[in-house]
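Novice: There's a structure below that I have some questions on.
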Amino acid sequence: MSASPAASAQAEAAIRLHGLKRHFTGRGGVATRALDGVSLEVAAGEIFGIVGRSGAGKSTLIRCVNLLERPDEGEVRVLGEELMALSDSALRERRRGIGMVFQHFNLLASRSVADNVAFPLEIAGMPAVERGRRVDEVLALVGLAEKAKAYPAQLSGGQKQRVGIARALAPRPRILLCDEATSALDPETTQEILALIRRLRDQLDLTVLLITHEMAVVKEICDRVAVMERGQVVEEGRVFDVFTRPSHPTTRRFIADTIGHSIPPGTVARLPAAGAGEERRLLQVLFAGPHSTRSVISEASRRFGLDLNIISGRIDEIAGEPFGLMALAAYGAPDRIEAALAWFAELGLAVTPIANDTLEAA
Amino acid sequence: MLPWLPPMLQQLFLDAAIETLTMVGGAALIAVVLGLPLALLLHATDRGGLAQNGLVNRPLGLLINAVRSTPFIILMVAIVPFTRLVAGTSIGTTAAIVPLALASTAFIARLFETAFREVDRGVVEAARAMGATRMQILWKVLVPEAMPGLIAAVTVTLVSLVGYSAMAGAVGGGGLGDLGIRFGYQRFMPDVMASVVVVLILFVQGLQSLGDWLVRRARRR
Chain A
21 MSASPAASAQ AEAAIRLHGL KRHFTGRGGV ATRALDGVSL EVAAGEIFGI
71 VGRSGAGKST LIRCVNLLER PDEGEVRVLG EELMALSDSA LRERRRGIGM
121 VFQHFNLLAS RSVADNVAFP LEIAGMPAVE RGRRVDEVLA LVGLAEKAKA
171 YPAQLSGGQK QRVGIARALA PRPRILLCDE ATSALDPETT QEILALIRRL
221 RDQLDLTVLL ITHEMAVVKE ICDRVAVMER GQVVEEGRVF DVFTRPSHPT
271 TRRFIADTIG HSIPPGTVAR LPAAGAGEER RLLQVLFAGP HSTRSVISEA
321 SRRFGLDLNI ISGRIDEIAG EPFGLMALAA YGAPDRIEAA LAWFAELGLA
371 VTPIANDTLE AA
Chain B
8 MLPWLPPMLQ QLFLDAAIET LTMVGGAALI AVVLGLPLAL LLHATDRGGL
58 AQNGLVNRPL GLLINAVRST PFIILMVAIV PFTRLVAGTS IGTTAAIVPL
108 ALASTAFIAR LFETAFREVD RGVVEAARAM GATRMQILWK VLVPEAMPGL
158 IAAVTVTLVS LVGYSAMAGA VGGGGLGDLG IRFGYQRFMP DVMASVVVVL
208 ILFVQGLQSL GDWLVRRARR R
């Protein structure tokens, strides 16, 4: 399902951004650096997510890919071509090969659904008959054929975004840019739209670059992710790796919002104290990869003669791979606990002492 | 029509009504034709616009404001040489159309500009992302998306023109307002005055209702 990294390393990336800088001069001449040296490569056929808080620069970044926003310096290569060097008319031509979907849909209120989808074809000069055929085709693709004659105001948010996606895909682009495409939708509709984007990627062999402030979106459909903060990419990698082994504090906070969780208050206080000659330790165990399905807890308990009290735990799936996070209270002789910790480490499980009652996927 | 008036006045009334319609209609037509490109130019050259250009935007804005702030009766007299150049005469219904058109062009250009400003910037951005040219954005996005606002602007302009056209009597333009002054006021014929006022009220009401209906039709939300 995900693009193979080996293949993408050889072929030229579908999108290659290098050393992008962009600053804005606000009121009183105060300059803010929206992009402060961003480099990224998106391989053909992958869904790449850029996550960050508002103001992190992700919106400026995605607008640089079709040069709606022109970087002060840097390179923007799309499908092997440097866009910054193109003339206005050549750039307009290339933009037709880069579809874009927006948070607030940006549909033309004065046009019907079919005419909205026809719009990019119309401005590209496609004859009306051909246009009509293509519109029917794309509307069927997003499951909105019966709404062709409706106006945007008569549609729900999810339907509007389907129209937005159909419009973006009408000119058969190779690349789809999604600018917070699900941020204005409720959770259920978000799932629908994400599933649609993934299906279309598979079906049409699209390369998708999306920006979002929700880690859940990344977890749901992205192959790789970059985390942005203050105009810079602070972390980048395969979604599963970033989720299970985040290295930057910003990434950790993002992940904590999605999969981390606190131990219920009072739980630690209610735990029994350690007996004579024993010790009590609070541990966090991160299961990822092959061991996530093995019964390591009961095995450790038997092997080392420990009482292992599970305080909280959850199993999740990230980018199609199982992933678990658990909080344990371990009771036993100090040397037995140490031995168990060593055994966990041997199995490749990440075990860390718990501080301030919060689990972190780290 | 208006059976309480003597037959001679009825004929005058009919002529005056036609003169008013000619002046209002002619001036409005010219105002729309000239005002729309002017408004698009103003909007596009504005800060953050499609073709930001202060050297065009500021003088144009100043000119429009100058025309708008000159009282109509003064404007009418001040541009007599221009009127003569365009219409061949400075007196009569056709000549009156010139200053009316000038004043309402400035008026409607501002109203149109406001309507364009109401168009969601995101829609313009989407069109840019699709590779639309600036001309395509102006005519295929801004104008249709602003249509309800544009129609409302035309309605307001027409109603103002009805008022301005009454002053056209000063340059022999005729019309209902002129009839009201000459017969109703100067010859003490209150029934003529009342008839003029009632007809004008009905006319403006009709225009407004028609305008509102068209706005509702154009607004697909």
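Quick mapping for you: the protein sequence lines, in order, are chains A and B.
If you count the first sequence from 1, position 29 lands on 49 in this note's numbering, and the numbers rise without skipping.
If you count the second sequence from 1, position 12 lands on 19 in this note's numbering, and the numbers rise without skipping.
Idealized CB from N, CA, C, for every residue including glycine.
Look at residue 54(A) and residue 251(A) and say whether their C-beta atoms are less than 8 Å apart.
Specialist: In this structure, residue 251(A) lies closer than 8 Å to residue 54(A) by Cβ.
Novice: Go through its chain and collect everything with a Cβ distance to residue 134(A)'s Cβ below 6 Å, but skip five positions before and after it.
Specialist: These residues qualify, in order along the chain: 155 and 168.
Novice: For residue 225(B), I'd like the list of residues in its chain whose CB is within less than 7 Å of its CB, leaving aside the five on either flank, ordered along the chain.
Specialist: Taken in chain order, the residues that qualify are 154, 155 and 158.
Novice: Quick check on residue 187(B): buried or exposed, where buried means 16 or more other Cβ atoms within 10 Å of its Cβ?
Specialist: Burial call: buried.
Novice: Residue 189(A) to residue 180(A), Cα distance in whole Å?
Specialist: Those two C-alpha atoms are separated by around 14 Å.
Novice: If you follow the alpha helix (DSSP H) that residue 233(B) is in, where does it begin and where does it stop?
Specialist: Here chain B comprises residues numbered 8 to 228, so residue 233(B) is not present and cannot be evaluated.
Novice: Could you give the uninterrupted runs of the alpha helix (DSSP H) lying entirely in the segment 198-240 of chain A, keeping only those of 4 residues or more?
Specialist: Complete alpha helix (DSSP H) runs here, min 4: 207-224.
Novice: Can you list the residues of chain B that residue 301(A) reaches, using a CB-CB cut of under 9 Å?
Specialist: Within chain B, no residue comes near residue 301(A); the closest Cβ sits about 54 Å away, beyond 9 Å.
Novice: In its own chain, which residues sit with a C-beta less than 7 Å from the C-beta of residue 178(A), not counting the 5 before and 5 after it?
Specialist: These residues qualify, in order along the chain: 205, 209, 212 and 213.
Novice: Using a C-beta cutoff of 8 Å, does residue 140(B) count as contacting chain A?
Specialist: True, the Cβ-Cβ gap to chain A drops below 8 Å.
Novice: Going along the chain, which residues of its own chain have a beta-carbon closer than 6 Å to the beta-carbon of residue 116(B), five neighbours each way excluded?
Specialist: Counting only Cβ-Cβ distances below 6 Å, and skipping sequence neighbours, we find 42, 45, 46 and 71.
Novice: What does the alpha-carbon distance come out to for the pair residue 22(A) and residue 52(B)?
Specialist: The predicted model places residue 22(A) with a pLDDT of 47, which falls under 50 and marks its position as unreliable; any figure quoted below should be read in that light. Each residue's alpha carbon lies about 46 Å from the other.
Novice: Is the segment 230-240 of chain A close to the segment 155-166 of chain A, with three or more CB pairs under 8 Å?
Specialist: The segment 230-240 of chain A is not in contact with the segment 155-166 of chain A.
Novice: For the alpha helix (DSSP H) containing residue 251(A), name the first residue and the last one.
Specialist: Segment: none, residue 251(A) is in no alpha helix (DSSP H) and carries neither H nor E.
Novice: Terminal residues of the continuous beta strand (DSSP E) containing residue 33(B)?
Specialist: Premise fails: residue 33(B) lies in the alpha helix (DSSP H), 14-52, not in any beta strand (DSSP E).
Novice: Using a Cβ-Cβ cutoff of less than 6 Å, which residues in the same chain neighbour residue 320(A) once the five nearest sequence positions on both sides are dropped?
Specialist: Here the set comprises 360.
Novice: Hey, is the segment 10-29 of chain B in contact with the segment 179-194 of chain B, meaning 3+ C-beta pairs nearer than 8 Å?
Specialist: Cβ pair count under 8 Å is three or more, so yes.
Novice: Take residue 163(A) as the anchor and find which of 145(A), 219(A) and 203(A) has the nearest alpha-carbon.
Specialist: If we check each option's Cα against that of residue 163(A), 219(A) comes out closest.
Novice: Whole angstroms are fine: how far does the CA of residue 364(A) sit from the CA of residue 381(A)?
Specialist: At residue 381(A) the pLDDT is 46, less than 50, meaning the model places this residue with poor confidence and gives no usable figure here.
Novice: Just mark residue 337(A) as buried or exposed, buried being the case when its beta carbon has 16 or more other beta carbons within 10 Å.
Specialist: Residue 337(A) comes out exposed.
Novice: In three-state DSSP terms, what is residue 72(B)?
Specialist: The answer is helix: DSSP assigns residue 72(B) an H, G or I state.
Novice: Return the first residue and the last residue of the beta strand (DSSP E) that residue 342(A) is part of.
Specialist: Run containing residue 342(A): 341-352, per the beta strand (DSSP E) assignment.
Novice: For the alpha helix (DSSP H) containing residue 37(A), name the first residue and the last one.
Specialist: It is not in any alpha helix (DSSP H) - residue 37(A) instead sits in the beta strand (DSSP E) that spans 35-45.
Novice: Please list the partners that residue 132(B) has in chain A, where partner means a Cβ-to-Cβ separation under 9 Å.
Specialist: By Cβ distance, chain A contributes 83, 88, 120, 122 and 126.
Novice: Does residue 171(A) come within less than 8 Å of chain B when only Cβ atoms are used?
Specialist: So, interface residue.
Novice: Checking the sheet assignment: what are the DSSP bridge partners for residue 160(A)?
Specialist: Note: residue 160(A) sits in no beta bridge, so no partner.
Novice: Under the three-state reduction of DSSP, which class applies to residue 106(A): helix, strand or coil?
Specialist: Three-state DSSP puts residue 106(A) in coil, outside helix and strand.
Novice: Can you tell which of 160(B), 138(B), 14(B) and 49(B) has its C-alpha closest to the C-alpha of residue 35(B)?
Specialist: The shortest C-alpha separation from residue 35(B) is found at 160(B).
Novice: So what does DSSP say about residue 181(A), is it helix, strand or coil?
Specialist: The answer is helix: DSSP assigns residue 181(A) an H, G or I state.
Novice: Give the DSSP-derived three-state secondary structure of residue 125(B) in the structure shown.
Specialist: Here residue 125(B) sits in coil by DSSP.
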